[in-house]
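Just so we're aligned, residue 152 is where the sequence shown starts under my numbering, counting upward by one.
Shown next, in structure tokens, is the structure this report addresses.
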Amino acid sequence: MYAEGWRKAQVPNQIVGRYINQTKLNQQVKKNELNQDEEEAGFMKMGFFLSRVFQEIASGAYESCKSYLKEHSLPSLFQINFNQKDNYCPDNFSSVIIYTINDFSNKAHVDNDSDNWTLIGFIPIRKNGKIAYKDFDVEGGEFVIRDLQVFLDLPRVEGIALVVLRTSELKYQGDC
């Protein structure tokens, strides 16, 4: 499981932190391959895309997430540094994106995060990094919302599948 953005810290006496692969970051800095402007532009592009998608499929949940972020003065996914107060924009709705690859699975669980809503997506990606809209071979790829008795067989979906749910109230699990 991978994460980009801000989450409550798992480290004692630390309130919030940004997920960073320190080894990779050190290598990039040493090779002069890290460009903070490009990194920030990448977050902005991803954030705007996710914001548009979330707003189109679940506008009420989207507005709830935006309000929560603003009311609690939480950093947005767009922010590279925590103290960027002037970096707020109307499309901010989340502090973090979490993703999995290579047949990740977890047990049925309820999230205890403070967010009420979660946008969950299944995006089949080829080895070349392009989206596989059809003719893709996926191992695993099941998603279960136990409390609603919903089973999604994601390899049968042609293209992208998106689900919005209250992961703080509903037990779910993925094998993606």
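No residue lacks a Cβ here, since even glycine has one placed at the ideal position from N, Cα and C.
Go ahead and label residue i buried or exposed: buried means 16 or more other beta carbons lie within 10 angstroms of its beta carbon, across all protein chains shown.
i, result
"L228", "buried"
"E320", "exposed"
"K217", "buried"
"R307", "exposed"
"P241", "exposed"
"T318", "buried"
Relative to the C-alpha of residue i, which candidate in the options has its C-alpha closest?
i, options, result
"E309", "V301, G292, G325", "G292"
"V247", "I271, V261, N186", "I271"
"I208", "F273, G325, L313", "L313"
"F287", "S202, F273, L299, E190", "F273"
"A259", "A283, T269, M195, D298", "D298"
"K285", "Q300, L305, V301", "L305"
"K221", "D262, S202, S245", "S245"
Tell whether a beta-carbon distance below 9 Å holds between residue i and residue j.
i, j, result
"S215", "N267", "yes"
"G198", "N243", "yes"
"F205", "V315", "yes"
Beta-carbon within less than 6 Å of residue i's beta-carbon, same chain only, minus the 5 sequence neighbours each way: which residues are those?
i, result
"L303", "F294"
"Y323", "I296"
To which residues of the same chain is residue i closer than 7 Å at the C-beta, ignoring the five residues directly before and after it?
i, result
"I276", "I282, A283"
What residues in its chain sit with their C-beta under 8 Å from that of residue i, if we drop five residues either side in the sequence?
i, result
"N279", "none"
"N263", "S319"
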